[in-house]
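The opening residue of the sequence shown carries number 1 in UniProt numbering; numbering runs sequentially from there.
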Amino acid sequence: MPLYYRLEGRMQGGKAFIVLQLSGEVVLTCQRCLGDVACQLDSQSRLLLVPEGEDLPDDELTVYDEDYREEDDFDPIHASRNLDVLELVEDELLLSLPLSPMHEECSVPTGEWLEGPASPFAALGKLQKS
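Dropping the structure here:
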């Protein structure tokens, strides 16, 4: 299934930003039933480009937009001429994935399909008795 990304450069408050948008669908493993579950991704992040060698700003940095509204919803990253765009996309993808992907409704497998005892410790119990 396709994954789409879009990068857009912006200057704001004398600072350089990249806006990264991700959308698409990925198939992950459900943590309950271990089946496939489709997860929709739709995220946007703003990255403040800081030249290599300079310290990344702390959380106190504030940038103002054209209407002089305060904006602080961005993450600073080091940037150089050789900035790896695919690495940025991969990082954003990983951050966008759910921690525990699950179907909205599914049942936990019971182990009825297994032949023999449902618990591996049941076999050990039989060995202790003999």
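C-beta: ideal position from N, C-alpha, C; glycine also.
Cβ neighbour criterion (16 or more within 10 Å) applied to residue i
| i | result |
| --- | --- |
| Ala38 | exposed |
| Leu47 | buried |
| Phe121 | exposed |
| Leu20 | buried |
| Ser119 | exposed |
Identity of the residues DSSP links to residue i by a beta bridge
| i | result |
| --- | --- |
| Cys39 | Val26 |
| Val50 | His78 |
| Gln12 | Lys15 |
| residue 145 | This structure gives no information on residue 145, because the portion of the chain shown stretches from 1 to 130. |
| Gln44 | Gln21 |
| Arg6 | Gln21 |
Cβ separation of residue i and residue j, assumed to be a contact under 8 angstroms, to the nearest whole Å
| i | j | result |
| --- | --- | --- |
| Leu93 | Leu22 | 6 angstroms |
| Ser107 | Cys33 | 7 angstroms |
| Pro101 | Thr29 | 7 angstroms |
Contact set for residue i: own chain, Cβ-Cβ below 6 angstroms, skip 5 residues either direction
| i | result |
| --- | --- |
| Ala16 | Leu49 |
| Gln44 | Gln21 |
| Leu3 | Gly24 |
| Glu105 | none |
| His78 | Val50, Glu52 |
Beta-carbon contacts of residue i that lie in its chain and below 8 angstroms, excluding the five residues immediately before and after
| i | result |
| --- | --- |
| Pro57 | Leu48, Val50, Pro76 |
| Leu41 | Leu3, Leu22, Ser23, Gly24, Glu25, Val26, Leu93, Ser96, Leu97 |
Residues of its chain near residue i, where Cβ-Cβ distance is below 7 angstroms and the 5 sequence neighbours each way are ignored
| i | result |
| --- | --- |
| Tyr5 | Leu20, Gln21, Leu22, Val89 |
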